[in-house]
Every structure is written in C-alpha cells, then in structure tokens.
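J.:
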Amino acid sequence: MCGIIGFIIKEEKRDLVEKVMNRDNREKEAEFVLRTMMNQIIHRGPDGSGIYVDSHITLGHRRLSIIDIEGGRQPMENEDGRLICIFNGEIYNYAKLKELLVEKGHVFATKSDTEVLLHGYEEWGEALSEKLRGMFAFAIWDRQEKKLFCARDYFGIKPFYYYHRDDVFLFGSEIKCFLPHPDFKKELNKEQLELYLSFQYSPGENTFFKNVYKLAPGHSLSLEEGRLEIKWYDSIPKAIRCSLGGVAKLFPPMSGINFLVRHSKPLKERYIGNTCLFSERQKRRLLKDYSGNVLPMDLIKEKIRFTEEIDDVTRMQLTDIYMWLTGDILLKADKMSMANSLELRVPFLDKEVFSVAGKIPTNYRVNAKQTKILLREAAKSEVGNITSERRKKGFPVPVREWLRQEPYRNDVKKYFASDAAKEFFYTEYLMKMLEEHKTGKHDWWREIWCIYMFLI
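Sequential numbering from 0 applies to the sequence shown in numbering that gives the first Met the number 0.
1) Return the chain-ordered list of same chain residues with a C-beta closer than 8 angstroms to the C-beta of Met432, the five sequence neighbours on each side being excluded.
2) Whole angstroms are fine: how far does the CA of Gly326 sit from the CA of Thr318?
3) Buried or exposed for Glu405, please, with buried defined as at least 16 other CB atoms from any protein chain shown within 10 angstroms of its CB.
4) Drop a sphere of 10 angstroms on the beta-carbon of Gln191, count the other beta-carbons inside from all chains shown, and report buried for 16 or more, exposed for fewer.
5) Taking Cβ to Cβ, would you say Ser221 is nearer than 8 angstroms to Phe148?
6) Taking a contact to mean a Cβ-Cβ separation below 8 angstroms, would you say Ser219 touches Ala136 in this structure?
7) State the start and end residues of the unbroken alpha helix (DSSP H) segment that holds Thr386.
8) From the DSSP output, in three-state form, read off Pro45 for me.
9) Report the rounded CA-to-CA distance for Glu223 versus Asp141, giving the unit in angstroms.
10) What does the Cβ neighbour count give for Phe277, buried or exposed, with the cut at 16 atoms within 10 Å?
11) Output the distance between the C-alpha atoms of Leu63 and Ser128, rounded to the nearest integer angstrom.
12) Would you give the residue range spanned by the alpha helix (DSSP H) that Tyr479 belongs to?
13) Under the assumption that Phe423 contacts Lys287 (Cβ atoms under 8 angstroms), give the Cβ distance between them as a whole number of angstroms.
14) State the start and end residues of the unbroken alpha helix (DSSP H) segment that holds Asp79.
15) In this structure, does DSSP put Trp443 in helix, strand or coil?
16) Go to Ala338, then tell me how far its alpha helix (DSSP H) extends in each direction, as first and last residue.
17) Could you work out which residue in Pro45, Asp46, His60 is closest to Val52 when comparing CA atoms only?
18) Measure the alpha-carbon distance for Glu26 versus Phe183 and round it to whole angstroms.
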C-alpha cells in the first residue's frame, strides 16, 4: 500500500516557462514542488520514496513495502525507459498475468506486481485494466507518446483524485497532496455541501474542492496533448451482466451523481428514508446558499433505469456498491489504515467473488430476519449455530450521550458559533438543534455530528 502523486506541465505553459528558465532549472523547481507535495502523504509510505521528473511530467511515490521489498521500488521504468509507472495497491492475479506475459516473450527483472503493470501495458495497452484483479490506482507515463494513462480498480478500493483547471493537471492518492502546488486554487464546492448533508459523505465524482474530482471505480483516465478522456472500462463482470439482464449496460459512467437511486420511490420508504440525513426542506432552513440544484428524483430518472426483472433487494445492493461502498466505507477504511501505515485487505471485494455472488438468488442473500445467509450456513459446521446465527453488531461510539455533556457540547457550540459556521449556515438553527438534543426534545446527534465534522 502506497501513495502516488504527479503533475503535468501542459504545452502552453511549458512554452512560457522555457522563455524564463533553462530545462535543468525548470526540472529542479518541479522536483522541489513534487517533494513538498509528497511530504503531505508520508504516512501512506514510510518505507521509502522515489521521484521521476522530466520537462513534461513529475511522478512521485511513497512506499509501504509488501511484495518484492528490494526490487519493487518506484517510479519503475520498463527496459528501454519509455514507460514509467507509479502504483498504489496490489494486483492479486499478478503471478498469472506474469506467466502469460513471459509466454509472449516478456522478460522480468523483479518479482513485483508493478513490473507486471509495465509489461502488461506494453502488451495490451489500455486493455490491461480489464485483466486486473485486485485493489489498485496506478499511473503510466509514455515518454514517446507524451501520454499519461491512469486506472482505478473495479470497486474503488484504492483512491485516485485529480485536479483539472485550465492548463493545470495534478493527481494523487489524497487531496491534501495538492495543497502545496503553486497552481492549485483552493475553492469550496458549495453544492457538494448540500449532498454531504443528505448522505454524511461526499458522493459521486465531485469533492468539496472545485475542480478536484475522484476517478470513479472501474474507470481509466488518459491525458494526451492536453486532451483529457475518461473511460468506463468495465466495473461489472460479464457474469454479473448476464444475471442482471439489461441493467448492466444501463449503468452510467459515473459522470455525475448516480447514487440517488437510493432516494427514488416507491422503493421502499424504510430503506430510502434512512439514507437521507437532512431533508430538502431542512436544508433550505439550514443553508444560507441553498440551491436545490441536485434533486434526487430528477437525477434518478436521468442517470439510472432498472429493468423490471431486477428485484428490490438487488437494486438496493447494487446502489450500495456504486454509491455508499465507494463514497463512504472504503474511503474510511483507506484513510484509517493509511494514517497508521497499515495494509488493509477486503477479500470479498474481488470481481470473481462478485461474479459468483451475483448469481445467488435473493432469498439466499438476505431476508426479513437475517443477512449473509449462505455465509452463515457455511459457517455452521465450523463455529456452530450460536455463533453463525448471531446478530450483526457494529462498533458504536456514544456520540449521542457525549453531545449532552458539557465538555463535548461546549466544543461543538464553539464551532456552531464560529465565523465559518456563519458563512454557510443559519446558526440559530444549529443552536436550536443543539439545545433540543440536550433537553431530549429531539435526537439530533447524527445531524449535529455531521455539521460538526464539516466545520472542523
């Protein structure tokens, strides 16, 4: 598990820069900026770092060593130096792909999965992405074609952000690594705040920063001669596509906020309502700059259409996969593990496992009383009925009670009265929620916590 960073100087700006400094000085300046950016994500790779800089691009890598500790240093070049790769994650089927590539005449110098990406790109080009199993976000620079190619795994296990404004293009594993770049313009995307208040996280491709985007799961990105192209290379395995019927080809390329299926009606009020923290009416009373530009039903009709043969449970599960899983759970998992330089695995998020799971009839996946039905049945012989039938337990934190206790409540109150809060919210509404929660008139703990986290 690692961290990757890079930025490109586009043609029009490169010509301008060349008038005022020679190539060596320009690359030294770029290297300084790159290393400053890399310092923001040392936690993602404490075992080492590496950089590549030329007159067109910079590539940086922070390394947490997993496979081929000595031979897997990055950025890694192919034999003739034409391709340079930086990579975060792990390719689970790298050994099998390596065998295929060796049969085709490729010669390997290391045991690392990064080198498999390089030779795989030599052999298959952009089609490499479709052959990979694992969790990954990588970038490959073609020095001859002056082309950048990047891809993210099927489920969005590993993060990939990019900043694109005018002649500036930056990319990396975390948004914070963009902050030191002199051409990064730090601007709040206020519309994303409305979505955050609905879902308690930032869904879709957009982020809280203007011009900063997430590369969607199962997507690739190419940048050549200033032209940015994003492709949906296949985020639903073919076996799943067959079992889903027409729904698979109707999934959009995440070119917006297709998560809002979950808010559609009539499916089913108990599920949909629980996902929305603040209603549109509440947001109108809460936000000073409420726009209402993103309305759930309008986006549902525009983005996703389910065929009639797809049952409600499958619709909900697929919606979770494409929205909640990537936008919330996997993001938290990556941030918590990487903050402590730990490798984290998610074994069920494998496209072959997904392929099998997609063929399981709904009544063997979940029913009114229980979830994970087949797994529980399989576990009975090993752990017994008491354990296999035990109800799921989360990891609750007593935030509800904390917010009624003065030391914690006072800190929240301080933020709710701050200038930052006054910029975005009607603070009298915030104070009302805090008071009603304290007295027990209304349980606002989730809403209070959501806004508190935003202000922090």
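Where is the CB? At the ideal position from N, CA and C, for every residue including glycine. Every value quoted in this text rests on a predicted model; they were computed, and no experiment measured them.
T.: Put simply:
1) One-based indexing of the sequence shown puts residue 432 at position 433. Hits under 8 angstroms: His441, Trp443, Glu446, Ile447.
2) Indexing the sequence shown from 1 puts residue 318 at position 319. Indexing the sequence shown from 1 puts residue 326 at position 327. Computed Cα separation, rounded: 11 angstroms.
3) Indexing the sequence shown from 1 puts residue 405 at position 406. Looking at its Cβ environment, which holds fewer than 16 other Cβ atoms inside 10 Å, Glu405 is exposed.
4) In the sequence shown, the residue the question calls residue 191 occupies position 192. When all chains shown are included, Gln191 counts as buried.
5) Within the sequence shown, numbered from 1, the residue matching residue 221 stands at position 222. Within the sequence shown, numbered from 1, the residue matching residue 148 stands at position 149. A distance below 8 angstroms separates the beta carbons of Ser221 and Phe148.
6) Looking up residue 219 in the sequence shown gives position 220. Looking up residue 136 in the sequence shown gives position 137. No, Cβ-Cβ distance for Ser219 and Ala136 is not below 8 angstroms.
7) Within the sequence shown, numbered from 1, the residue matching residue 386 stands at position 387. Thr386 -> alpha helix (DSSP H) spans 372-387.
8) Numbered from its first residue, the sequence shown carries residue 45 at position 46. Looking at Pro45 - three-state DSSP - the assignment turns out to be strand.
9) Here residue 223 refers to the residue found at position 224 of the sequence shown. Here residue 141 refers to the residue found at position 142 of the sequence shown. Those two C-alpha atoms are separated by around 10 angstroms.
10) Position 278 of the sequence shown, counted from the start, is the residue given in the question as residue 277. Buried, because 16 or more other Cβ atoms sit within 10 Å of the Cβ of Phe277.
11) Taking the sequence shown and counting its residues from 1, the one referred to as residue 63 is at position 64. Taking the sequence shown and counting its residues from 1, the one referred to as residue 128 is at position 129. Whole-angstrom Cα-Cα distance: 23 angstroms.
12) This structure does not reach residue 479, given that the chain is present from 0 up to 455, and the question cannot be answered.
13) Counting from 1 along the sequence shown, the entry for residue 423 is found at position 424. Counting from 1 along the sequence shown, the entry for residue 287 is found at position 288. 6 angstroms between Cβ atoms; contact.
14) Residue numbering aside, residue 79 sits at position 80 when the sequence shown is read from its first letter. First-last for Asp79: undefined, no H or E at that position.
15) Sequence index remark: in the sequence shown, residue 443 carries index 444 (1-based). Three-state DSSP puts Trp443 in coil, outside helix and strand.
16) As a working mapping, residue 338 is identified with position 339 in the sequence shown. Note, Ala338: alpha helix (DSSP H), 329-338.
17) Within the sequence shown, the letter at position 53 stands for residue 52. Taking only the C-alpha atoms, the option nearest Val52 is His60.
18) To locate residue 26, count along the sequence shown from 1; it is residue 27. To locate residue 183, count along the sequence shown from 1; it is residue 184. C-alpha separation (whole angstroms): 18 angstroms.
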